[in-house]
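When you read off a place in the sequence shown, starting at 1, and then add 160, the result is the number in the numbering used here.
Beta carbons: idealized from backbone N, C-alpha and C, even for Gly.
Have a look at the structure below before the remarks.
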Amino acid sequence: MKMIEAITEQLPAWRERVNRLRTQFGSLKVCDVTVEQIYGGIRGVQIQVSDISYVDPYEGIRLRGYTIPEVLEYLPKKPGSDFPLVGGLYYLLMTDRLPNEAEADEVEQEWASRSQIPEHVYQVIRQFPRDTHPMTLFSVAIMALQPSSQFASKYAEQMFTSEGLPKGDYWKYYLEDSMNLIAKLPGIASFIYNYKYRNEEIVSYSPELDWSANFARMIGKAEDLRYQDLCRLFFVIHSDHEGGNVSAHTSYLVSSALSDVYLSCAAGMNGLAGPLHGLANQECIRWVLQVREAFGGHVPGKEELTDHLRRQLQAGKLIPGYGHAVLRVTDPRFTVQYEFAKKYISNDPNIELIGRVFEVLPPILAENGKVKNPYPNVDAINGALQYHYGVKEFDFYTVLFGMSRILGLTAHIVWGRILGKPIERPKSLTTAMLEQLAEKS
Ligand code: NMX
Ligand code: MLT
């Protein structure tokens, strides 16, 4: 794989940079931690390093240094499509280099060749009651693939042989596992969808189509080219949001114990399934529809909407899709999806309402100074787009987020192994210890 060559080429320089920092500047202080930060979700404490992506509070995400509009513009596309090949995005995340068409295509072809899903994975999913949440099925299906982990078997094998597995080579097995897992995600996600809501169909992967279009085809949207483009857009922009969000942080932590890619990504998906994180996208469309229902199915005018939103906030309700732990501006991932919506489906009433809420809500949320970011995040519009194109089962939306997020999670994990990061083990204190520190201050 070209991707392996590209990483191998850069390896000595990266390792050298990290070694220099650790040996020459190991005692350099990066930041202080306050009592409020300890109790407040470790917000703003700079305890990680990752070069896969970075979220600037006032600009939003950059994936390997590129903004969302730049990523959408520069990555290779399939003829006839306006949105990138996910294979190209993965090449960028993994190698820190923009791929050419052949390199993006090679990743796509690798996925096609690794896409066969063992029968027992379908059986595991079928064992669950049909009303099980799709994220549970998704996480379980990833776990069901774990016995095929090349890293886990190689690691176990070297314990009993004289031939060791050099630490510097772990990453190659993590990358193999990552490629094998990602290749199977369209098949797994689509089967969960088909099992729960359609005809229980298992659709095999078509090497003629890219990863995104394969997923669309597998859920019955072979003819819907616009939906396929929406999938490409969705999968690219949800792939990563630096290392500190719940799913990335969780999977990275788990992998630091040398748990393999399957164990680590399933853990990350369990975090993504929380309503304050990925699950928010299913809540957003539900909320949008409830607001319309409160107005007899119509889109309320600005004044009516303002009153309605104030009442909700006064009742202590959370408005899904608004706010962010790091961002202090409108999420650029919201913006590009809103642009897609205005271009192709501007007459959709849910999109109209989302636009109106966007006009009206930020100043209201900002009023009491409590909400640190009164602007929409990525989830505020995801569901409405899926809903428009006929994917109307809200609880499935986080699986789409998960498919995409695994691209980023695995890039973080593989690079953790490349740079030889040790097991994570921060230190905890007791309340009494903090009280003693407070007394002395
Ligand atoms: N509606 C109402 N109140 C809010 C909102 C909102 N959308 N966002 C924050 N607040 C409240 C929050 O509950 C907290 O109140 P209290 O002190 O009474 O607990 C207060 O404002 C301060 O919260 P922040 O410091 O601004 O936000 P925090 O960093 O703790 O949490 C979120 C960030 C994203 C978890 C929070 O804004 C939220 O729950 N938003 C709605 C859910 C959502 O959209 N999640 C998706 C996140 C993106 N993703 O894809 O993962
Ligand atoms: C994400 O994409 O992970 C969310 O925006 C949450 C975050 O960054 O904390």
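Within the chosen limit of 8 Å, ligand 1 does not reach the beta carbon of Tyr-498 with any heavy atom. Inside the stretch 406-466, DSSP marks whole alpha helix (DSSP H) runs of 4 or more residues at positions 406-416, 421-432 and 440-454, from first to last along the chain. Of the other Cβ atoms in all chains shown, fewer than 16 fall within 10 Å of the Cβ of Gln-276; this residue is therefore exposed. The C-beta distance from Phe-500 to Pro-536 rounds to 15 Å, too long to fall under 8 Å, and the pair is not in contact. Apart from sequence neighbours up to five positions away, the residues of its chain that approach Leu-335 with a beta-carbon distance below 6 Å are Val-574, ordered along the chain. Counting along the chain, Tyr-214 sits inside the beta strand (DSSP E) bounded by residues 213-216.
For the set Lys-530, Ile-302, Ala-544 and Trp-371, the Cα lying nearest the Cα of Ile-445 is the one of Ala-544.
For the pair Gln-206 and Gly-403, the Cα-to-Cα distance works out to about 11 Å.
Annotated as proximal: Asp-265 and Gly-247, with beta-carbon spacing under 9 Å. Sequence-distant partners of Leu-423 (beyond 5 residues in either direction) whose C-beta falls short of 7 Å from its own C-beta, in its chain, are Gln-306 and Val-414. About 6 Å separates the beta carbons of Val-396 and Val-231, which is inside the 8 Å limit, making them a contact pair. Note that the C-beta distance between Glu-519 and Lys-462 is below 9 Å. Taking a cut-off of 8 Å on C-beta distances, the stretch 216-235 does not touch the stretch 418-432, as fewer than three cross pairs fall below it.
Under the three-state reduction of DSSP, Ile-578 is assigned to helix.
Shortest Cα-Cα distance from Pro-294 to any of Gly-562, Glu-453 and Val-178 involves Gly-562.
Inclusion of Ile-352 and Leu-297 in the CB contact set at 9 Å is warranted, their separation being smaller than that value. Exclusion of the five residues before and after Trp-331 leaves Val-574, Arg-577 and Ile-578 as the residues of its chain whose Cβ lies within less than 6 Å of its Cβ. Annotation: the continuous beta strand (DSSP E) that includes Leu-223 extends over 220-223. For Cys-191, there is no enclosing alpha helix (DSSP H), as DSSP marks it with neither H nor E.
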